Amino acid sequence: MEKRFIYADNAATTAVSEEVLNAMLPHFRTAYGNASSIYKLGRDAQRDVEEARDKVAKAIGAEPKEIFFTSCGSESDNWAIKGIAETMAKKGKKHIVTSVFEHHAVLHTCEYLAKHGFEITYVPVSDKGLVDPEDVKNAIREDTALVTIMYANNEIGTIQPIEEIAAVCHEKNVIFHTDAVQAVGHVEIDVKKQGIDMLSLSGHKIHAQKGIGVLYVRKGITLPNLIHGGAQERNKRAGTENVPAIVGLGVAIEAATRNISEKAAVIIPRRNRLIDGILQLPYTRLNGDREKRLPGNINISIEGIEGESLLLMLDQYGICASSGSACTSGSLDPSHVLLSIGLKHEVAHGSLRLSIEDDVTDEDVDYILEVVPKVVERLRSMSPVWEKMMNGEEVK
Amino acid sequence: MMYSEKVLDHFSNPRNVGEIENADGVGEIGNAKCGDIMKMYLKIDNGIITDAKFKTFGCGAAIATSSMATELIKGKSIDDALKLTNDAVVEALDGLPAVKIHCSVLAEQAVRSALSDYYTKQGIDPLPIVGEIKEPEE
Ligand SMILES: Cc1ncc(COP(=O)(O)O)c(C=O)c1O
Ligand code: FES
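If you read the sequences in order, they're chains W and E. Just remember that my numbering sits 2 ahead of the position in the first sequence, which is counted from 1. Just remember that my numbering sits 285 ahead of the position in the second sequence, which is counted from 1.
Structure representation (structure tokens):
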């Protein structure tokens, strides 16, 4: 077996595409103007920023003036949640509804607000990793300021019933925000049709660079200014525009949303082959609904082994994968997402997430399906937990 | 997170993986927080550890420290093995990231737990010799 290099961690980040890089490069050395400057070099930069804004707006069915560039998905989430919290608190509304398995950019923001007088309701998710709109409806109160539910989960890839959730929010006159960082470019999004009031997205998940994000804010919603200073982003977020990154994001989102279904048609069969292949191993389970999931997401728990050592061994075979979320790798706790769908601690510890795109070929899939069982068998052979399981002993 | 070359080497080619049949001392220790578990097997002749093997369910550092700990005590006297500290294991591995220090404590305690079992099997109260076995806290 010849060693390959397979990047199967696109949910963590993606490579900047050639198309994006080529669009960005002139903005470093030649078209480097400040978008606020009066001369042509500045006006050109301004034009390019606005062109990118148009592209982002078009990609999600919004209007350009509803698009605000930020420095990342986390910033967008923070701004949306803390901003609405601040506005609504003045009206005596200090309650927020979210779900138990949000990204930390949402969860930790909510926890912060909880320390500052807000009440947070965390709706549960089913064992398939889906939020029930009925639960959201029941959680909404008179004093609910905001509902924020992610579009697609970053670990198990489950796609939430966004339109239904938006509908229950509007029925009760509550603003609805969604973290769509993992969804953009993989599922069709139309904020107007789906009734999304606010949406966060991030460039580095769709082949733009790291450190660029967007917050879509439906017109009519007033959000407090995030950064005070210059007049950039319609006075709301000061700071000289990161023109290369913004231009890159425009090109990236256009490309990512151009042929969503064609890409899915290529990726889904490969994803399914990976899922079915890995599930052939005994004591494995697929995490998250099989149908309502992102085309490239595979998340499987493999009992008797631990995630980090699995990843390190896969790395030796040139396979880049993840176990839970990259952001939590510094912590010892198992993923809150896997616990939220009812996994026991020790099962959650042994999970494997692969997030593939169409560059992962059928041969790559064969290779992964050859390597994973080998590595799992090796780790299980040295695992006292596996030994106990095989002896029929209770594993704590 | 950065693992040293030594850690990666002991992870990829762990020394002394496996079990010892009729071991003279077997110890198992776990960390409730991260869920990792180490099992250590010792063969002891005349107060000398003639063989040591391990099985570990855990992170890369847990496997590497198990491997290094068995290397460090093989051929040593029980007294020397009792002096093995997690710091010595970390040093022998050219360091560990801060969040992974507890993995080396697991290795240290696994050795002690196996020695404790050895004394118990000999009909000797291990407590005054080995001391208490602590499940490492994070
Ligand atoms: C669902 C979700 N939300 C937010 C983020 C944060 O995005 P960023 O890394 O751009 O801050 C990520 C990715 O890390 C994510 O997967
Ligand atoms: S993370 Fe707990 S032993 Fe390594």
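Every residue gets a Cβ at the ideal spot worked out from N, C-alpha and C, and that includes glycine. Bear in mind that the values here come from a model prediction, so they are computed numbers and not experimental data.
8 Å Cβ cut-off: residues of chain W touching residue i
i: G320/E; result: E308, P336, H347, E348 and H351
i: I348/E; result: S311 and M384
i: T341/E; result: M384, S385 and P386
Contact list for residue i against chain W, beta-carbon separation under 7 Å
i: S297/E; result: Q318
i: V302/E; result: M384
i: G312/E; result: Near G312/E there are no residues of chain W at all, since even the closest Cβ is about 11 Å away, more than 7 Å.
i: G345/E; result: E310, S311 and L314
is_contact[residue i, chain E] using C-beta, thresh 8 Å
i: P375/W; result: no
i: M384/W; result: yes
i: E389/W; result: yes
DSSP bridge partner residues for residue i (one or two, in chain order)
i: S362/E; result: I333/E
i: H97/W; result: E121/W and T146/W
i: I322/E; result: G315/E and F342/E
i: M200/W; result: H179/W and V219/W
i: T160/W; result: R295/W
i: G310/E; result: L327/E
i: F70/W; result: L217/W
i: A154/W; result: I161/W
Residue i at chain W interface by Cβ criterion, 8 Å
i: I418/E; result: no
i: T355/E; result: no
i: K324/E; result: yes
Three-state secondary structure assigned by DSSP to residue i
i: F7/W; result: coil
i: K57/W; result: helix
i: I208/W; result: coil
i: S303/W; result: strand
i: S324/W; result: strand
i: I305/E; result: coil
i: F103/W; result: coil
i: V189/W; result: strand
i: T242/W; result: coil
i: G131/W; result: coil
i: K328/E; result: strand
i: L356/W; result: strand
i: I262/W; result: helix
i: L288/W; result: strand
i: A257/W; result: helix
i: A33/W; result: coil
i: A13/W; result: coil
i: I229/W; result: strand
i: R236/W; result: coil
i: R275/W; result: helix
i: M392/W; result: helix
Proximal residues to residue i (C-beta, below 6 Å), its chain only, five neighbours per side dropped
i: S324/W; result: D11, A14 and R355
i: P66/W; result: R55, D56 and A59
i: A258/W; result: G187 and I208
i: K385/E; result: A346
i: E104/W; result: M152
Cut-off 7 Å between Cβ atoms - residues of its own chain near residue i, not counting five sequence neighbours on either side
i: V51/W; result: A37, E243, V245 and I248
i: E308/W; result: H351 and G352
i: S289/E; result: L378, D379 and G380
i: E53/W; result: G252
i: A366/E; result: I334, I358, V396 and L400
Sequence-distant residues of the same chain with beta carbon closer than 8 Å to residue i, five excluded per side
i: I304/W; result: I280, L283, Y285, T286, L312, G352, S353, L354 and V378
i: I98/W; result: I83, A87, C112, L115, F120, E121, I122, T123, T146, A147, L148, V149 and T150
i: I277/W; result: L288, R292, I300 and I302
i: A317/E; result: E420
i: I418/E; result: G312, I314, Q394, R397, S398 and S401
Cβ of residue i within 8 Å of any chain A Cβ
i: V339/W; result: Absence of chain A from the displayed structure is noted, the protein chains being W and E.
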